[in-house]
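J.:
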Amino acid sequence: MILIGIDPGYAIVGYGVVKYENNRFTPLEYDAITTPAEMPFAERLEKIYRDLTQVLRRHRPQAMSVEKLFFTTNQKTGIDVAQARGVILLAAVHEKIPVYEYTPLQVKSSVVGYGKAVKKQVMEMTRILLGLDQIPKPDDVADALALAITHAHTAGSLLNRYPYAR
2 MILIGIDPGY
12 AIVGYGVVKY
22 ENNRFTPLEY
32 DAITTPAEMP
42 FAERLEKIYR
52 DLTQVLRRHR
62 PQAMSVEKLF
72 FTTNQKTGID
82 VAQARGVILL
92 AAVHEKIPVY
102 EYTPLQVKSS
112 VVGYGKAVKK
122 QVMEMTRILL
132 GLDQIPKPDD
142 VADALALAIT
152 HAHTAGSLLN
162 RYPYAR
C-alpha cells in the first residue's frame, strides 16, 4: 500500500509518501511545499494545490492522512491553515484518493505507543520505523511521515471507516 501523510500549512506543507508492505515501511519521497510570505495568499493556495497534485500523480497513493485542524489562540492563522487544508483535500478528491484525519493524540499513540509522547519521541520513532539516518527537516516533513505511519497502523480499524473520498 502506498500512503501519503500531509502536515497542512500555508507557508510549509510537509508531505511524506511511504510504501507499507508486510509490516515494513519504505520511504518513497518526503519533502515540503513552501510558499513565500510575499506571495499573494490566493497564489500560495494555488501553488500548494499544483505542487501537491504533481506528487499525488507521481506516486498514486491509496490513501492520504491529514492532521486534524485545531484552532488555538491565533484564529487568523488557523483560518489560513484551514484554507490551505481545503485545497489539500480538493487535490486528493480530484485525484480520487481517500482522505483520513488524525489528531495529534492518535499520531503519538500510533507511532510511539503513548498519547502523551513529546514531539522529539515521535520524530525519533518515525526515523527508526522508516530506517532513516536522520530525522527529516523541517519538522513538518517528519510530522507528515508520522501521519502516513499512523494510517498504516490504523487502516483496518473500525474507527477509520469514514474518509472524505472513496
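With my numbering applied, the sequence shown corresponds to residues 2 to 167, in that order. C-beta atoms are modelled at their ideal positions from N, C-alpha and C, and glycine is treated no differently. Remember, it's a predicted structure, so these values are computed and weren't measured experimentally.
What is the DSSP secondary structure of Leu-160, reduced to helix, strand or coil?
T.: In this prediction, Leu-160 scores a pLDDT of 46, lower than 50, which makes its location untrustworthy; the coordinate-derived value is nonetheless stated afterwards. Reduced to three states, the DSSP call for Leu-160 is helix.
J.: Quick one: is Leu-159 buried, meaning 16 or more other Cβ sit within 10 Å of its Cβ, or exposed?
T.: Its pLDDT being 43, under 50, Leu-159 is placed unreliably by the model, and nothing is read from it.
J.: Cα separation between Ala-166 and Val-94?
T.: Any reading at Ala-166 needs caution, since the residue's pLDDT is 41, under 50, leaving its predicted position unreliable; the model's value is listed next. Rounded to whole angstroms, Ala-166 to Val-94 spans 6 Å at the Cα level.
J.: Compute the Euclidean distance between the alpha carbons of Val-82 and Gly-10, then round it to the nearest angstrom.
T.: Distance between the alpha carbons of Val-82 and Gly-10 is about 5 Å.
J.: Quick check on the DSSP output: what are the complete beta strand (DSSP E) runs of length 3 or more inside the segment 84-109, in order along the chain?
T.: As far as the segment 84-109 is concerned, its whole beta strand (DSSP E) runs of at least 3 residues are 100-103.
J.: Would you kindly work out how many angstroms separate the C-alpha atoms of Gln-55 and Glu-96, rounded to a whole number?
T.: Cα to Cα, Gln-55 sits roughly 10 Å from Glu-96.
J.: CB-CB under 6 Å to Phe-26, same chain, minus the five flanking residues each way: which ones, in chain order?
T.: Around Phe-26: Val-19, Leu-130 and Leu-131.
J.: Give the C-beta separation of Ile-7 and Pro-62 to the nearest angstrom, bearing in mind that I take them to be a contact with Cβ-Cβ under 8 Å.
T.: Wrong, their Cβ atoms sit about 10 Å apart, outside the cutoff.
J.: Counting only runs that start and end within the segment 37-73, where is the alpha helix (DSSP H) found for 4 or more residues in a row?
T.: Counting only runs of 4 or more, we get 42-60.
J.: Residue range of the alpha helix (DSSP H) that Asp-32 falls in?
T.: Counting along the chain, Asp-32 falls outside any alpha helix (DSSP H), though it belongs to the beta strand (DSSP E) covering 25-35.
J.: Quick one: which unbroken beta strand (DSSP E) runs of 3-plus residues sit fully inside the segment 119-144? Chain order, please.
T.: Correct list: empty.
J.: Taking Leu-146 as the reference, which of His-60, Val-108 and Ala-118 has the closest Cα?
T.: Among His-60, Val-108 and Ala-118, the Cα nearest to that of Leu-146 is on Val-108.
J.: Taking buried to mean at least 16 other C-beta atoms within 10 Å of its own C-beta, is His-144 buried or exposed?
T.: A quick correction: the sequence has Asp, not His, at residue 144. It counts as buried.
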